[in-house]
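Colleague: The structure's right below; bear with me while I get my questions together.
What follows is the structure, encoded as structure tokens:
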């Protein structure tokens, strides 16, 4: 398969729709030894305008024909037709293809949204040579964390505080009173404003301490 391992991508203006950046990577796939149909797994990743710190995606099974590649999502529905032009562009036509969050700062409620998001329309992508990560580009925006938040970011903060001896419970996704007390203790120890809120200064100091090896392995 010529496309195996190749990364394709495209960026779009805000006026074009919610999708800001999209990438597609092909991986060889065979359901069983006797399967003679040329197939591939296509991993799609996208970011949206006005949704910072969040990446969406879906992996679909595609079958190759002489002129196009047909993909379908058996679990959640939706179809896509892909075709490579003579100039190397990848034409991706999506029909109600559902995608979900695959990483970022969204709360667990958002991550488990039953409705998900749907991708419709024609997306023209070009090859991105040497792009080994094949990740969609989005906006990075720091968001403070405080009591009551439910987020995967809370686990990361609690793990760092635990390594520093400030957090003595099992890390989870809930920013509760124990998390707030640990953050306040950390801020007091390092001369920061003792708000109990993880602001950008607190998060940056925690990250720097981890990089410097503070708190052990």
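Numbering (the numbering used here), first residue to last: 21 to 237.
Every residue gets a Cβ at the ideal spot worked out from N, C-alpha and C, and that includes glycine.
Remember, it's a predicted structure, so these values are computed and weren't measured experimentally.
Let me know if residue 119 comes out buried or exposed under the rule of 16 or more other beta-carbons within 10 Å of its beta-carbon.
Modeller: With 16 or more Cβ atoms within 10 Å of its Cβ, residue 119 is classed as buried.
Colleague: Throw me the rounded Cβ distance for the residue 193 and residue 170 pair, which I believe falls under 8 Å.
Modeller: Contact holds; Cβ gap of about 5 Å.
Colleague: DSSP on residue 35, reduced to helix/strand/coil?
Modeller: Residue 35 falls in the helix class under three-state DSSP.
Colleague: When you compare only the Cα positions, how much space is there between residue 103 and residue 78?
Modeller: So the two alpha carbons sit approximately 19 Å from each other.
Colleague: Quick one: what's residue 115 bridged to in DSSP?
Modeller: DSSP, once it has assigned bridges, lists 99 as partnering residue 115.
Colleague: Determine the extent of the beta strand (DSSP E) in which residue 144 is found, giving its start and end residues.
Modeller: Start and end: 137–147.
Colleague: Using 8 Å as the threshold, is the C-beta distance between residue 60 and residue 47 below it?
Modeller: Cβ atoms of residue 60 and residue 47: closer than 8 Å.
Colleague: Using DSSP with H/G/I as helix, E/B as strand and the rest coil, what is residue 206?
Modeller: DSSP places residue 206 in helix when its eight states are reduced to three.
Colleague: Suppose contacts are defined by Cβ-Cβ distances below 8 Å. Is residue 139 in contact with residue 117 by that definition?
Modeller: Yes; because the gap between Cβ atoms is below 8 Å, this pair is in contact.
Colleague: Within its chain, find whatever has a CB closer than 7 Å to the CB of residue 168; leave out the 5 residues flanking it on each side and keep chain order.
Modeller: For residue 168, where only same-chain residues beyond five positions count, the Cβ hits under 7 Å are 195.
Colleague: Would you say the segment 63–83 touches the segment 33–40, given that touching needs at least three Cβ pairs under 8 Å?
Modeller: The segment 63–83 vs the segment 33–40: in contact.
Colleague: Whose C-beta lies closer than 6 Å to the C-beta of residue 28 among residues of the same chain, with five residues either side of it excluded?
Modeller: Cβ neighbours of residue 28 beyond the five flanking positions: 44, 110, 145 and 147.
Colleague: Could you tell me the boundaries of the alpha helix (DSSP H) in which residue 181 lies?
Modeller: Residues 172–183.
Colleague: Between which two residues does the alpha helix (DSSP H) carrying residue 231 extend?
Modeller: 220–231 is the span of the alpha helix (DSSP H), which, as asked, contains residue 231.
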